[in-house]
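Working notes, beginning with the structure itself.
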Amino acid sequence: MTAGTDVGSLTWATAWMCVTFTRGLSPEEVFARYGADPEQARPLDADEASDLLAGDSGDEGVSLLRSGRLGEWAFCVEEDGAVGSWSEALTELSRGTETYSVLTTEGLDVFQYWRDGECVENFEPGMEHTRPERADSWWDRVEAALAAHEGEDTGMAPVVALVLDHLGITLDDDTLAGPWPSLTLAEDDAPSAPRGDTYAGEGPVPPQPPFAG
């Protein structure tokens, strides 16, 4: 584990976004597990990738996905969407491996950790009723990271920094600005299924389609 990620270098994680980190996958595998067609991905920098989303501005429920591999971990940063927080998508992403998910939207922040298709923990920082009972929960670490930046407009960047330090990788603004495989995903194409009474994860039920609209 490394330490010292500068929260100020993670402005991409302060506004509406969802990011996942999955061990051992390629970007192509990540896209496929999100329900996207990997052959549609192109290496685009941040500005070029944003143009993809602008081109779909007339379509509701479209996310911009940008993925890459850093050491042993594949990341996927999602703009204007929350597919990476859905239980069905995380089930697929974490199948045979492990996945961290951090979501921040207007009025909802969620941290999740999944392993081999199962939710290990899922909570909403600051909401005590979602606190996991597990002795080795991430709760205290997440709360401490956010408390260190209380009053600052940092969103979930302190939590992303915490995960990055734990994984020993760097995904700051400069890194993410470079060319990475990018594509758009319609939420209708993402893995989804009626939840019914099958959800067994801890904490809040993650946002599911249709999301807020």
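Every number in our numbering is 4 more than the matching position in the sequence shown, counting from 1. Just so you know, even glycine gets a beta-carbon here, dropped at the ideal spot from N, CA and C. Computed from a predicted structure; not experimentally measured.
When DSSP builds the beta bridges, which residues end up paired with residue i?
| i | result |
| --- | --- |
| V81 | V23 and R70 |
| W118 | T103 and C123 |
| L48 | W184 |
Helix, strand or coil for residue i? Go by DSSP, reduced to three states.
| i | result |
| --- | --- |
| T109 | strand |
| A161 | helix |
| L187 | strand |
| L29 | coil |
| H153 | coil |
| G172 | coil |
| A86 | coil |
| D10 | coil |
| E76 | coil |
| D193 | helix |
| S54 | helix |
| E43 | helix |
Would you call residue i buried or exposed, if buried means 16 or more other Cβ atoms sit within 10 Å of its Cβ?
| i | result |
| --- | --- |
| Q116 | buried |
| D113 | buried |
| A78 | buried |
| E191 | buried |
| G62 | Because G62 carries a pLDDT of 48, less than 50, the predicted location of this residue cannot be relied on, and the following value inherits that uncertainty. Its Cβ having fewer than 16 others within 10 Å, G62 is exposed. |
| E96 | buried |
| D176 | buried |
| E83 | buried |
| G155 | exposed |
| E132 | exposed |
| R70 | buried |
| A86 | buried |
| G200 | Residue confidence is low: G200 scores 35 on pLDDT, short of 50, so the model does not pin down where it sits. No coordinate-derived value is stated. |
| G28 | exposed |
Rounded to whole angstroms, how far is the Cβ of residue i from the Cβ of residue j, which I believe are closer than 8 Å?
| i | j | result |
| --- | --- | --- |
| L107 | S186 | With a Cβ gap of about 20 Å, L107 and S186 do not count as contacting. |
| L14 | V164 | 6 Å |
| L166 | A149 | 5 Å |
Is the CB of residue i under 7 Å away from at least one CB in chain D?
| i | result |
| --- | --- |
| S196 | No chain D appears in the structure shown, which is made up of a single protein chain. |
Looking only at C-alpha atoms, which of the options sits nearest to residue i?
| i | options | result |
| --- | --- | --- |
| P31 | S196, E43, E147 and S89 | E43 |
| F25 | T188, L189 and T174 | T174 |
| A50 | P183, T188 and L189 | P183 |
| R119 | R46, S98 and H170 | S98 |
| W16 | A45, H153, A93 and D157 | D157 |
Could you tell me if the beta carbon of residue i falls within a distance shorter than 6 Å of some heavy atom in the ligand NAP?
| i | result |
| --- | --- |
| T18 | The model depicted lacks the ligand NAP and carries no ligand whatsoever. |
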